[in-house]
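Let me begin by presenting the structure, written as structure tokens, before commenting on it.
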Amino acid sequence: MKILIIENEIYLAQSIATKLGELGHNCEMCTSTKDAIKSNNYDVVLLSTNINGQDFNPVIETFKSSIIILMVSYISNDTVSKPLAAGAKDYILKPFMIEELIRTINHYQDYEKLKKRNEAYEKYLNHSFLSIADDYDHENMELPVFISSSFQKYADAFAFNHAYKKDLPIHFVTLSDPKAMNEISSLPQNSIIYVIDYHLLKKAEKKVFAELIEGKQVIVSSNDKIEDVEYNIIEIKSDSNIFDKGEILSIEDYVKFIVLNYQQKFPDTELSKKLGISRKSLWEKRKKYDIIKKK
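Be aware that the sequence shown starts at 1478, since it is given in the working numbering, and climbs by one per residue.
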């Protein structure tokens, strides 16, 4: 990582830079906030709040995308509370052991990675579920709930939307995993447990499973029809019932389904390429199935 050390005690700054450098970090030092804000390309900023007469707000604003850790000799509104409110991540009290500083840096580095990863996952899920309608009253819904749908994405959308509406963490479990039952039993109560592949369980296993999820906030999905549970069952069908028939589609039916449902999403050149046919064949398919492309 690239680390900027803002510290007017030269010996301390050099000591920190040396020890962090031995761990593979690239450290730079400066003794004033005025010099510090000339560049903002740093992963971590170690900011001493003991520099007299310095305004820390421009530093925090300049490095708002970096991990800012305050190095303080005493705790007060000016040295800790105000900088934290302005955007600094944490503080460490002088004198400190370098191991404690490294632990703090690693903690926030891991946090930032998880934050960015979570943002990417959330953005992808929102995009993936964009076309799926959700008119369910999640706020007043009692769990456990069983979802029957031949289209897995519909059940996924229901589960993740429910967790979002309830503002609770969600745990994903597949019953194809031999350790699934033990995992479910160990999960906390204040979270949504989303379980898929219920149809893989044998009759005796379903009885054990029903006892296991009692009193838990569980959403269970199955690709088959569900008739053997006492809990609320929701059957979700796709907008086109072509995948809800429980049958293998013919090539012609498959092509018709893809053209109907994806012609507004992809241009003809890309759609025909994905189907493995020419644009002329795509035009002929539309004519054959009497499909009109909306403009």
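All residues carry an ideal CB built from backbone N, CA and C; glycine is no exception.
CA-CA distance, residue i and residue j?
i: Val1672; j: Gln1586; result: 31 Å
i: Lys1541; j: Leu1523; result: 13 Å
i: Ile1728; j: Ile1735; result: 11 Å
i: Lys1592; j: Phe1743; result: 32 Å
i: Thr1495; j: Leu1678; result: 58 Å
i: His1615; j: Gln1694; result: 12 Å
i: Glu1499; j: Ser1543; result: 22 Å
i: Asn1554; j: Leu1561; result: 9 Å
i: Tyr1601; j: Asn1529; result: 47 Å
i: Ser1627; j: Ile1710; result: 14 Å
i: Ile1703; j: Ser1625; result: 6 Å
i: Asn1534; j: Leu1489; result: 23 Å
i: Ile1582; j: Asn1518; result: 17 Å
i: Tyr1740; j: Lys1751; result: It should be noted that the sequence gives Gln, not Tyr, for residue 1740. Roughly 11 Å between the two C-alpha positions.
Taking all protein chains shown into account, do 16 or more other C-beta atoms lie within 10 angstroms of the C-beta of residue i, making it buried, or fewer, making it exposed?
i: Asp1633; result: buried
i: Phe1635; result: buried
i: Ala1792; result: Residue 1792 lies beyond the residue range present for the chain, which begins at 1478 and ends at 1772; the question has no answer from this structure.
i: Leu1759; result: buried
i: Ile1545; result: buried
i: Ala1465; result: Only positions 1478 to 1772 of the chain appear in this structure, which leaves residue 1465 out of reach.
i: His1639; result: buried
For residue i, which option in the options has the closest C-alpha, if you only look at C-alpha atoms?
i: Lys1429; options: Trp1760, Leu1481 and Ile1493; result: This structure cannot settle anything about residue 1429, because the visible part of the chain is limited to 1478 through 1772.
i: Leu1497; options: Val1521, Asn1517 and Phe1686; result: Val1521
i: Tyr1641; options: Glu1599, Tyr1631 and Asp1674; result: Glu1599
i: Ile1769; options: His1584, Glu1704, Ile1647 and Asp1745; result: Asp1745
i: Lys1620; options: Asn1667, Arg1763, Ser1558 and Lys1757; result: It is worth fixing the name first, because residue 1620 is Leu in this sequence and not Lys. Closest option to Leu1620, Cα to Cα, is Asn1667.
i: Phe1573; options: Gly1753, Gln1740, Ile1493 and Ala1657; result: Ile1493
i: Val1622; options: Arg1763, Thr1526 and Asp1705; result: Asp1705
i: Met1478; options: Gln1491, Tyr1488, Asn1485 and His1502; result: His1502
i: His1604; options: Glu1505, Phe1637 and Val1650; result: Phe1637
Using beta-carbon positions only, say whether residue i and residue j come within less than 9 Å of one another.
i: Thr1539; j: Leu1547; result: no
i: Ser1509; j: Ile1483; result: yes
i: Lys1571; j: Ser1550; result: yes
i: Asp1674; j: Leu1652; result: yes
i: Tyr1631; j: Ile1696; result: no
i: His1648; j: Leu1664; result: yes
i: Lys1525; j: Glu1486; result: Residue identity differs from the one stated: residue 1525 is Ser in this sequence, not Lys. Yes, the pair counts as a contact, with Cβ atoms nearer than the cut-off.
i: Pro1646; j: Ile1669; result: yes
i: Lys1762; j: Lys1733; result: yes
Hey, is residue i close to the ligand GDP, as in C-beta under 8 Å from one of its heavy atoms?
i: Tyr1585; result: Among the ligands in the structure shown, none appear at all, so the ligand GDP cannot be discussed.
Residue ranges of each beta strand (DSSP E) within the segment 1571-1648, 3 or longer: The segment 1571-1648 contains these whole beta strand (DSSP E) runs: 1622-1625.
Those runs of the beta strand (DSSP E) which lie wholly inside the segment 1500-1576 and span at least 3 residues: Along the length of the segment 1500-1576, whole beta strand (DSSP E) runs at least 3 residues long occupy 1503-1507, 1521-1525, 1544-1549 and 1567-1570, reported in chain order.
Alpha helix (DSSP H) runs wholly inside the segment 1671-1735, at least 4 long, in chain order: Counting whole runs of 4 or more residues, the segment 1671-1735 contains the alpha helix (DSSP H) stretches 1680-1690.
Segments of 4+ residues assigned as alpha helix (DSSP H) that fall wholly inside the segment 1734-1768: Listed in chain order, the alpha helix (DSSP H) elements of length 4 or more contained wholly in the segment 1734-1768 are 1745-1752 and 1756-1766.
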